[in-house]
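For the sequence shown, counting from 1, position 47 maps to 88 in our numbering; every step adds exactly one. In this text, a Cβ means the ideal position worked out from N, Cα and C, and glycines have one as well. Quick caveat, the model's predicted, so the values are computed rather than measured.
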Amino acid sequence: AGLSQVSKMLALCLLSLAWLSEGSQRSEPMFTAVTHRLLPPDYDSNPTQLNYGVAVTDLDADGDFEIVVAGYNGPNLVLKYDKAQGRLVNVAEDERDSPFYALRDRQGNAIGVTACDIDGDGREEIYFLNTNNAFSGMATYTDKLFKLRNGRWEDILSDEVNRDVANRFAGRSVACVDRTGSGRYAIYIANYASGNVGPHALIEMDVAASDPARGVVVLVDVAAQAGVSKHTGGRGVAVGPILSDSASDIFCGNENSPNFLFHNWGDGTYRDVAAAVGLDDPYQHGRGVALADFNRDGRVDVVYGNWNGPHRLYLQSGAPGRVRFRDIATPKFSMPSPVRTVIAADFDNDQELEVFFNNIAYRGSSANRLFRLIRREHSDPIVEELNPGDALEPEGRGTGGAVTDFDGDGMLDLILSHGESMAQPISIFKGTQGRSNNWLRVIPRTRFGAFARGAKVVLFTRRSGAHLRIIDGGSGYLCEMEPVAHFGLGHDEASSLEVTWPDGRVVSRAVASSETNSVLEVPYPLDVEEPLMPAPLECGQGFSQHKNGRCVDMNECTEFPFVCPRDKPLCINTYGGYRCRSNKRCSRGFEPNEDGTACVAQVAFFGGYPSAGSWPGLPYSALLPLVLGLCLCLYAL
Numbered sequence: 042a043g044l045s046q047v048s049k050m051l052a053l054c055l056l057s058l059a060w061l062s063e064g065s066q067r068s069e070p071m072f073t074a075v076t077h078r079l080l081p082p083d084y085d086s087n088p089t090q091l092n093y094g095v096a097v098t099d100l101d102a103d104g105d106f107e108i109v110v111a112g113y114n115g116p117n118l119v120l121k122y123d124k125a126q127g128r129l130v131n132v133a134e135d136e137r138d139s140p141f142y143a144l145r146d147r148q149g150n151a152i153g154v155t156a157c158d159i160d161g162d163g164r165e166e167i168y169f170l171n172t173n174n175a176f177s178g179m180a181t182y183t184d185k186l187f188k189l190r191n192g193r194w195e196d197i198l199s200d201e202v203n204r205d206v207a208n209r210f211a212g213r214s215v216a217c218v219d220r221t222g223s224g225r226y227a228i229y230i231a232n233y234a235s236g237n238v239g240p241h242a243l244i245e246m247d248v249a250a251s252d253p254a255r256g257v258v259v260l261v262d263v264a265a266q267a268g269v270s271k272h273t274g275g276r277g278v279a280v281g282p283i284l285s286d287s288a289s290d291i292f293c294g295n296e297n298s299p300n301f302l303f304h305n306w307g308d309g310t311y312r313d314v315a316a317a318v319g320l321d322d323p324y325q326h327g328r329g330v331a332l333a334d335f336n337r338d339g340r341v342d343v344v345y346g347n348w349n350g351p352h353r354l355y356l357q358s359g360a361p362g363r364v365r366f367r368d369i370a371t372p373k374f375s376m377p378s379p380v381r382t383v384i385a386a387d388f389d390n391d392q393e394l395e396v397f398f399n400n401i402a403y404r405g406s407s408a409n410r411l412f413r414l415i416r417r418e419h420s421d422p423i424v425e426e427l428n429p430g431d432a433l434e435p436e437g438r439g440t441g442g443a444v445t446d447f448d449g450d451g452m453l454d455l456i457l458s459h460g461e462s463m464a465q466p467i468s469i470f471k472g473t474q475g476r477s478n479n480w481l482r483v484i485p486r487t488r489f490g491a492f493a494r495g496a497k498v499v500l501f502t503r504r505s506g507a508h509l510r511i512i513d514g515g516s517g518y519l520c521e522m523e524p525v526a527h528f529g530l531g532h533d534e535a536s537s538l539e540v541t542w543p544d545g546r547v548v549s550r551a552v553a554s555s556e557t558n559s560v561l562e563v564p565y566p567l568d569v570e571e572p573l574m575p576a577p578l579e580c581g582q583g584f585s586q587h588k589n590g591r592c593v594d595m596n597e598c599t600e601f602p603f604v605c606p607r608d609k610p611l612c613i614n615t616y617g618g619y620r621c622r623s624n625k626r627c628s629r630g631f632e633p634n635e636d637g638t639a640c641v642a643q644v645a646f647f648g649g650y651p652s653a654g655s656w657p658g659l660p661y662s663a664l665l666p667l668v669l670g671l672c673l674c675l676y677a678l
């Protein structure tokens, strides 16, 4: 009996150590609430109502962003930072003479919102998805697509030529996609089908039938010809070059059916490859999603939340044509919750990305959660839970969220909307950490001068290699993030950057030291002539300038054949570096550890969590509870 008791105690200790080894929550709060100062609850700018999706755009073309909020049982809001007052104000006021008045759409029950340039006039239109009196299938009120016309925002879906195109189905997220690289965007609508009623839609301008200069924009649903007309419980949508080098792919997190990953074939048509690459997750219920490069290997990774199911952190690996995604979410990260929006961003400008899970208090409290992904050389990132501070909101009915820097201080601000089960005002949070860190914000433009949603931006630094961002045409859940590639630099400096547009055009340019802590606009390269002598670039460690002028990964293994020591003679090139391996032979599914003394399980083979060979890289904040837990176990035994 005594031996059995010891065995139980030992098992309990081992389980405790496995939990503690992920790292305890950091005590320093990341966010502080500033709602009372920047957006105090009131009738005009922050009414206590049911709100949903949040999008960030520049409605008045003054160079400053506005925050657009979908109002469900109240008006839609357009929040602008008033520098003189030092606060956000709603410019979509209840005045019929206001050019923004129609955006309020008081009769609509809006949940999804997105913004992009539909007609190529250089300004973004705004799409609101309404779900009046319907959870799925048919709705009783159409969506709205607002365009600035005749000095006022007007709904072009109500134009006679577009009434048959107006979406009449209950849906969830909407997103923008430049499927052909034309610079004109289509609206992807993740409808929530009821049987065979309510397929996903893809609405874009019929160029031949339209005359945007005269305000005539004829819309057409091209979902069937593009290959995305599917019936499912559509939820979250993200858009960017996930598998493609430049063309916009579409990821859809679905409910009660597998996810979609629509791969762009380069001609604006799509094929669903989610199952082939391991992203289908058929038995879960997807919600918020974000795109990022978490391990800085130059590939686009996918993070998303499942409703009261395991949250996923998928890293992309494999050669072209053999791409696979593997889930590296730790038990704490994947812990089920009633999640809505998911945001990936560098909130403290330290070069490491954070992932924010915005939950809704559903059948009890459900606090928001925050994790940092700490990059490790030649290994998976460490997942560290952080303290969200005031953004914890355990009783918050979270329904949407976005990030932007509306006051220009270089720190990302967090905006959270609430609703569904209880009317609550919007919350605003500012970061408390990393205020002395450097940063850079990059805004690519289309050929028409609008925001280049779907573009890819790579920033090369002097010490930390390359950092990738996607200007996502969707993301979050019901939301759309700011059209900016925001880079935290810590105490590093940028040396050069590269922008890739959805049509494959690429611009590389140097970044001067004087441009640190600033916003850089990158215009579309209208000149098709390539310069005979590209301007010299400093690409940073692990990269060199190709003859085409772009920074590319340097293959140290071929350039320096004897770079590896005798005890680890095998050189393996990696993105921005290299690794030396022992020639120790291992069985299938195993590989030599870092020092070549033993064989350890390959994460890519077995999936799941980092192998034993990668544990020595744990941060000190994770080692302390691990040591204390071990001491307690020994004492108990």
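- The three-state secondary structure of His587, taken from DSSP, is coil.
- Each of Val593, Glu461, Asn117 was checked against the Cα of Cys580, and the nearest Cα belongs to Val593.
- Residues of the same chain with a CB within less than 6 Å of the CB of Glu632, apart from the 5 flanking positions on each side, are Gln643 in chain order.
- With fewer than three CB-CB distances shorter than 8 Å, the stretch 502-509 does not count as touching the stretch 474-483.
- By the C-beta density criterion, Asn87 is buried, having at least 16 other C-beta atoms within 10 angstroms.
- Proximity of the stretch 242-249 to the stretch 271-288 falls short of the contact definition, fewer than three beta-carbon pairs being nearer than 8 Å.
- Between Trp348 and Leu320, the alpha-carbon positions lie close to 16 Å from each other.
- Look at the beta carbons and you see the stretch 107-120 touching the stretch 139-151: at least three pairs across the two are nearer than 8 Å.
- Contact between Val269 and Phe303 holds, since their C-beta atoms are separated by about 6 Å, short of 8 Å.
- C-alpha of Arg255 to C-alpha of Arg204: approximately 19 Å in a straight line.
- A check of alpha carbon separations from Ala553 across Pro566, Asp334, Leu500, Pro524 identifies Leu500 as the nearest.
- The criterion of a C-beta distance shorter than 8 Å is not satisfied by Asn297 and Ala315.
- In the structure shown, Lys188 adopts extended strand secondary structure according to DSSP, grouped into three states.
- When secondary structure is reduced to three states using DSSP, Glu597 falls in the helix class.
- For the 8 Å CB-CB criterion, Thr541 and Ser289 do not form a contact.
- Straight across, the Cα-Cα distance linking Asn208 with Asp99 is about 25 Å.
- DSSP places Lys373 in the helix class (H, G or I) of the three-state scheme.
- Ala551 and Leu455 have their C-alpha atoms roughly 30 Å apart.
- The residues Ala408, Asn409, in chain order, have a CB closer than 8 Å to that of Leu433 in the same chain once the five nearest residues on each side in sequence are set aside.
- Here the alpha carbons of Val278 and Ser458 stand approximately 18 Å from one another.
- Just so you know, the alpha carbons of Thr155 and Tyr182 end up roughly 18 Å apart.
- DSSP, reduced to helix, strand and coil, places Thr172 outside both helices and strands of the structure shown, so it counts as coil.
- Secondary structure at Glu425: strand, using DSSP grouped into helix, strand and coil.
- Under DSSP, the beta-bridge partners assigned to Ile108 are Val97, Leu120.
- Under DSSP, the beta-bridge partners assigned to Cys621 are Cys612.
- Between the alpha carbons of Phe210 and Arg190 lies a gap of roughly 26 Å.
- Beta-bridge analysis with DSSP links His508 to Leu500.
- Per DSSP, Thr638 is not a residue of any alpha helix (DSSP H), being assigned neither H nor E.
- Put simply, the stretch 490-498 touches the stretch 514-534. At least three CB pairs are less than 8 Å apart.
- Your pair Gly161 and Pro253 checks out as a contact, with CB atoms roughly 7 Å apart and the cut at 8 Å.
- Taking the Cα positions, Asp448 is about 29 Å away from Tyr345.
- If the five residues before and after Ser214 are omitted, its C-beta is found closer than 6 Å to the C-beta atoms of Gly153, Ala231, Gly277, Val278, Leu519, all from its own chain and listed in chain order.
- By the Cβ-count criterion, Asn589 is exposed, with fewer than 16 other Cβ atoms from all chains shown falling within 10 Å of its own Cβ.
- According to DSSP, Met179 shares a beta bridge with Phe210.
- In the DSSP assignment, Arg550 forms a beta bridge with Leu538.
- Distance from the CA of Asp138 to the CA of Tyr324, rounded to the nearest whole angstrom, comes to 50 Å.
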